[in-house]
Every structure is written in C-alpha cells, then in structure tokens.
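Engineer: The sequence shown lines up with residues 8 to 387 when you count with our numbering.
Got a structure for you, written out below as structure tokens; questions coming shortly.
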Amino acid sequence: MPEILIPFNKPYATGAEFAYMQQAVANSHLSGDGPFTKRCHTFLQESLGVPKALLTTSCTHALEMSALLLDIQPGDEVICPSFTFVTSIGAFTLRGAKPVFADIRPDTLNIDESKLEAHITPRTKAIVVVHYAGVACEMDAIMAIAAKHGVPVVEDNAHALFSRYKGRFTGTFGAMATQSFHETKNFTCGEGGALLLNDPALFERAEIIREKGTNRSRFFRGQVDKYTWVDLGSSYLPSELLAAYLWAQFEAADDIQRRRKTIWDRYHAHVPEWAAQHGVQLMSLPDDREQSYHMYWMLLPSLAARTTLIAYLRELGIYAPFHYLPLHLSDMGRKFGGVEGDCPVTENVSDRLIRLPLYNAMTEDEQMRVIAALFAFEGW
Ligand SMILES: *Cc1c(COP(=O)(O)O)cnc(C)c1O
8 MPEILIPFNK
18 PYATGAEFAY
28 MQQAVANSHL
38 SGDGPFTKRC
48 HTFLQESLGV
58 PKALLTTSCT
68 HALEMSALLL
78 DIQPGDEVIC
88 PSFTFVTSIG
98 AFTLRGAKPV
108 FADIRPDTLN
118 IDESKLEAHI
128 TPRTKAIVVV
138 HYAGVACEMD
148 AIMAIAAKHG
158 VPVVEDNAHA
168 LFSRYKGRFT
178 GTFGAMATQS
188 FHETKNFTCG
198 EGGALLLNDP
208 ALFERAEIIR
218 EKGTNRSRFF
228 RGQVDKYTWV
238 DLGSSYLPSE
248 LLAAYLWAQF
258 EAADDIQRRR
268 KTIWDRYHAH
278 VPEWAAQHGV
288 QLMSLPDDRE
298 QSYHMYWMLL
308 PSLAARTTLI
318 AYLRELGIYA
328 PFHYLPLHLS
338 DMGRKFGGVE
348 GDCPVTENVS
358 DRLIRLPLYN
368 AMTEDEQMRV
378 IAALFAFEGW
C-alpha cells in the first residue's frame, strides 16, 4: 500500500493550545471545572443560547449522563436511528434499555420522522436523534410526536455544533443534547464532549451525576455546608488541560468554520456534474437549514463501485472511508432482535456511502488532487 498522502482527517491546532495549557498549569488547577472549563461553558451557552452547558470527558459520557438523568431502567425502550455511532444508543443500553432502531430518510440520512410514531410504546423513555453530517433532522415533526407522547428527546449533536434548523441552533430543541470534541470532530481536545441542558429541572442533578453522585458543585458555591454522596453518578468532568486546549479552538471558532465551509463549498462546486453523470447521489441541504460543514458524503451506485473507488483512491494515497454499519445488524443489535429488512434504507445506504477527506488545514492543492482523482476514476 502506498503511504497516505491525503488523510480523511487531520487533528487541528490553532497554535494557541500549548500557551493555554501552560496557563492552566500556572493556575495550579489541573482537575476539572477551573477557569478554562468555565470559559468553555460560557462560550457554548452564549453562542448557542442554551441555558446550561457542561464539559464532559466524551460525547459518549454525555450520553451516559443523559441516560442517568432520564432514569433509564432495565426494560425501558429508547428509539434511535440504526445509522449512527454505537454510543448514541450504547449509553442507554448500559442502563438496561432495549434499543428500538428506526430507519432513516434517503435524502438527509437522518431518522425518518414519518416512521417514528409507529415505534412508540408505553415503555418508550427517550428518542435519540442524530443530526447526521451536521444537517438537522426534521425537528418540527419530531418534537410534535415527542410532545404528543410525553417522551423526551436527546439530540446527539456530535456532528452538528453550529448547525441550524429554521434559524435555531441544533442542540437547543431536545431536553438535552450532546457534543463531541474527539479529534475527528470540527473542534477537538483529543477526547472530550459536552452535555447541553435545555430543561432547568435537570441542571442540579446533572452537576451531581457529573461529580460522582455528590453535591460537590453546590458545596463549592456555598449552597450546602458539607458535600456527600446523594445520587448515582460517575466522574464525567475533563481536566483543565483539556479544557485549555479546547478553549483555543473555541476562540478560533469563526476561522475553523470558515475553513471548513471553504472546503465543503469547493467540493460542491466541482463534484455535482461528475456525480450526475455517474449516478452518484450527493449530500444536500434542505433550504430551511444551515449546516456545520462537518462532512462531505456521497452515495455510489453500488457496494461494488464503492469498494473499487475506495481501493483506487487508496492506491493514490487518498483515504476516503465508508461510515456506519447498521446497528440493528451488529452482534449486539441482533441480540436485541435486529434482523435484515428492519431498516431497509439504512441497510442500502450503509453499503454505498463514502466520505471525502475534509479537515481544517486541508489545502486547496490537496483537495484538487482528491477531485482530480475522482474525475479520472474509470472503475464503474
Ligand atoms: C463521535 C460521535 C460520538 C461519540 O463521541 P465521543 O466523544 O468519541 O464519545 C457519538 N455520536 C456521534 C454521532 C458521533 O459522531
């Protein structure tokens, strides 16, 4: 195999990260919830308009906190798309929930709102939606169904920080939402995440769950005179060193999003004609939405075409991977009763999807090599 010249993703640094980490060391506060963590909380709250944001050690951990906040018990059902990352639902099965996999729309690859209501039963305790590739789900329809049945919505917003639906930021619709700052996301500190809370009734318990089930946060604010074990919980807060790294990226948020938009727009300026000629479906954005420029995906005509294209690009040193395998057909999904045919769109799309390289520091020259390689592909 030739070496990879153009990776799918490259972790990005603005240049300010180490200076802020040094400041964190100088502050003599390396554990969680120091000044950099607080800056990150305020940034998320103010830029999105969410009443409370809490940094976590990962998006997975923010999802685990969601499951604890919703008191998920063995036998409860949680609905989520089959086409998503494992932990969108794994965090709930960890509490004993039974996953109920819903199919996706063939255009946005988001949960199909028209099939959602059929999955709701008296045991449904949550609906997890994923704004795939940073394009928002059909939130009007989803929130109406959720309200009608009194089921809370959790938004897995890992791809979609700064995406909007009808002008409103994703992550502000559900009772709660989760972010990821894993190195593959738009903003990173290596491994990290956040829980966004839109329901004030959840604030106090979220702080307790995040602090090992103790009321330590209230103690530090002087609201109680001793701190003790009061609830379920774990250690979900990241160190200040990670928050300092992340803060450098948040400060550069406009620049990072501008870079990604430039790259996404350049793909979308060059690829559509070629795609139409070869029966390739491109990612698209409904008119009432704004995206986060997280990803550029394409659906090829067949699994065989995709396999050949991935191998062809890899020979040229370009890494363009596929994405999620249907969760209902995974080993775990099958244990919960998943079988072929449960989610036909997911099964079909999962075989044909490819993602093009897209990272903050990608140069025009690198990107034009990817585009030229696509145009020269004759493996149809
Ligand atoms: C990346 C990702 C996660 C997990 O994020 P971590 O921070 O690695 O736990 C969850 N859901 C989606 C949709 C993701 O893309």
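All C-beta atoms in this analysis are idealised placements derived from N, C-alpha and C, irrespective of residue type, glycine included.
#1: Within the continuous alpha helix (DSSP H) that includes Gly-97, where are the two ends?
#2: Give me the Cα-Cα distance between Ser-224 and His-36, rounded to the nearest whole angstrom.
#3: At a cut-off of 7 Å, would you count Phe-92 as near ligand 1, judging by its Cβ distance to the nearest heavy atom?
#4: Suppose the cutoff is 6 Å on Cβ atoms and the five residues either side in sequence are ignored; what does the same chain contact list for Met-305 look like?
#5: Mind checking whether the beta-carbon of Val-137 lies closer than 7 Å to any heavy atom of ligand 1?
#6: If I'm right that Gly-174 touches Leu-203 with Cβ under 8 Å, what's the distance once you round it to whole angstroms?
#7: Which residues does DSSP list as the beta-bridge partners of Thr-221?
#8: Taking the C-alpha atoms as reference points, what is the distance between Ala-20 and Gln-256?
#9: Spatial neighbours of Thr-353 within its chain, please: C-beta separation below 6 Å, excluding the five flanking residues on both sides.
#10: Applying the criterion that 16 or more other CB atoms from any shown protein chain within 10 Å of the CB defines a buried residue, is Met-369 buried or exposed?
#11: Using the rule of at least 16 other Cβ atoms within 10 Å of the residue's Cβ for burial, across every protein chain shown, is Ile-11 buried or exposed?
#12: Could you work out which residue in Asn-205, Ser-54, Val-377, Gln-52 is closest to Ile-325 when comparing CA atoms only?
#13: Name, in chain order, the residues that DSSP records as bridge partners for Cys-87.
#14: Start and end of the beta strand (DSSP E) containing Glu-162?
#15: Considering only residues of the stretch 156-204, which uninterrupted alpha helix (DSSP H) runs meet the minimum length of 4 residues and lie entirely inside it, listed in chain order?
#16: Take every Cβ of the stretch 127-140, pair it with every Cβ of the stretch 152-166, and state whether three or more of those distances are shorter than 8 Å.
#17: Confirm the yes/no value for this check: CB of Thr-100, any heavy atom of ligand 1, distance under 7 Å.
#18: Quick check: what's the CA-CA separation for Ala-74 versus Asp-294?
#19: Taking all protein chains shown into account, decide if Glu-385 is buried (16 or more other Cβ within 10 angstroms of its Cβ) or exposed.
#20: What's the C-alpha gap between Ser-95 and Asp-83?
#21: Should the stretch 53-62 be regarded as contacting the stretch 194-202, the criterion being three or more beta carbon pairs within less than 8 Å?
#22: For ligand 1, is there any heavy atom lying closer than 7 Å to the beta carbon of Thr-67?
#23: Please classify Glu-322: is it buried, with 16 or more other beta-carbons within 10 angstroms of its beta-carbon, or exposed?
#24: Please classify Glu-371 as buried or exposed, where buried requires at least 16 neighbouring CB atoms within 10 angstroms.
#25: Pull up the distance between the alpha-carbon of Asp-358 and that of Ser-309, whole angstroms please.
Structural biologist: For this structure:
#1: Note, Gly-97: alpha helix (DSSP H), 94-100.
#2: Their backbone Cα atoms lie some 16 Å apart in a straight line.
#3: Yes.
#4: Excluding five sequence positions before and after Met-305, the CB atoms of its chain that fall closer than 6 Å to its own CB belong to Val-287, Leu-289, Ile-361, given in chain order.
#5: Here the distance from the Cβ of Val-137 to the nearest heavy atom of ligand 1 is below 7 Å.
#6: Cβ atoms of Gly-174 and Leu-203 stay farther apart than 8 Å, at about 18 Å.
#7: Residue pairing by DSSP puts Thr-221 in a beta bridge opposite Trp-236.
#8: Those two C-alpha atoms are separated by around 7 Å.
#9: For Thr-353, same chain residues with a beta-carbon under 6 Å away, outside a window of 5 residues either side, are Ser-89, Phe-90, Asp-110, Ile-111, Pro-333 in chain order.
#10: Residue environment analysis places Met-369 among the buried positions, since at least 16 neighbouring C-beta atoms fall within 10 angstroms of its C-beta.
#11: Taking every protein chain shown into account, the CB of Ile-11 has fewer than 16 other CB atoms within 10 angstroms, so this residue is exposed.
#12: Checked all of Asn-205, Ser-54, Val-377, Gln-52; the closest Cα to Ile-325 is Val-377.
#13: Cys-87 pairs with Phe-108.
#14: In this chain, the beta strand (DSSP E) harbouring Glu-162 covers 160-163.
#15: Runs found: none.
#16: With three or more CB-CB distances shorter than 8 Å, the stretch 127-140 counts as touching the stretch 152-166.
#17: False, no ligand heavy atom lies under 7 Å from that Cβ.
#18: The alpha-carbon atoms of Ala-74 and Asp-294 are separated by roughly 33 Å.
#19: So Glu-385 ends up on the exposed side.
#20: It is roughly 16 Å from the alpha-carbon of Ser-95 to the alpha-carbon of Asp-83.
#21: Yes: the two stretches touch, three or more of their Cβ pairs being nearer than 8 Å.
#22: Thr-67: yes, Cβ under 7 Å from ligand 1.
#23: Only exposed fits Glu-322, as fewer than 16 other CB atoms lie within 10 angstroms of its CB.
#24: Sixteen is the threshold: since fewer than 16 other Cβ atoms of the shown chains lie within 10 Å of the Cβ of Glu-371, the residue is exposed.
#25: Rounded to whole angstroms, the gap between the alpha carbons of Asp-358 and Ser-309 is 7 Å.
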